[in-house]
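All remarks here apply to the structure that follows.
In our numbering, the protein residues as written are 241 to 414.
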């Protein structure tokens, strides 16, 4: 997922990073599988719980450790924070192309980050067994991204297969 491709030096936003947070993120990046890595990230989060660098680092850490619920919470927090900065809705059901256009006027790169956070949330909804929600979330994003800049086509196809299976099982047991 694209959110995990961001590093402390390569973000879709230009926030200044607190030097103490930067040091903790650098330390956590040295050995992402070490037991103390989560502690570095949590300390950074306690310093500034709204720092997108920290939230994305936590997201990547949780993904790497297959802690899907924690990764979802981090992605959702990134979504909410970026939505607030862009004055956009956090609920994907309310999202329109007009919203995206308004977001781009504020910051094109933060709007892309916001959309990638939506994609991460939708993908994790699927992983967490929220198949209908995840599929519909992805379909909405695909409607808004007719040029497939978010690379949703294959993911939506896979989600559609999951949703079809889910729908058959759900109605067979009813």
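All C-beta atoms in this analysis are idealised placements derived from N, C-alpha and C, irrespective of residue type, glycine included.
Any idea what DSSP makes of residue 259, helix, strand or coil? helix
Under DSSP, the alpha helix (DSSP H) around residue 305 begins and ends at which residues? First-last for residue 305: undefined, no H or E at that position.
Do three or more CB pairs link the segment 301-311 to the segment 333-343 at distances below 8 Å? no
Pick out whichever of 375, 382, 388 has its Cα sitting closest to the Cα of residue 400. 375
Within a Cβ cutoff of 6 Å, which residues of the same chain sit near residue 248, ignoring the five residues on either side of it in sequence? Caution is warranted here: a pLDDT of 40 is assigned to residue 248, below 50, making its placement in the model unreliable, and the coordinate value is therefore given only provisionally. Within the same chain, residue 248 has close Cβ partners 265, 293.
For a quick check, are the C-beta atoms of residue 281 and residue 322 less than 8 Å apart? no
Chain-order list of residues whose beta-carbon lies under 7 Å from that of residue 383 (same chain, five-residue window excluded): none
Sequence-distant residues of its chain with Cβ nearer than 6 Å to residue 285 (five each side left out): 294
Just curious, the alpha helix (DSSP H) that residue 356 is in, first and last residue? 348-367
Excluding the five sequence neighbours on either side, which residues of its own chain have a C-beta within less than 7 Å of the C-beta of residue 364, listed in chain order? 308, 311, 312, 315
In this structure, does DSSP put residue 383 in helix, strand or coil? helix
Does the beta-carbon distance from residue 390 to residue 362 come in below 8 Å? no
Provide the residue span of the alpha helix (DSSP H) that contains residue 276, from first to last. Residue 276 -> no alpha helix (DSSP H), and no H or E assigned at all.
Can you check which of these residues, 410, 298, 408, 371, is closest to residue 396 by C-alpha distance? 371
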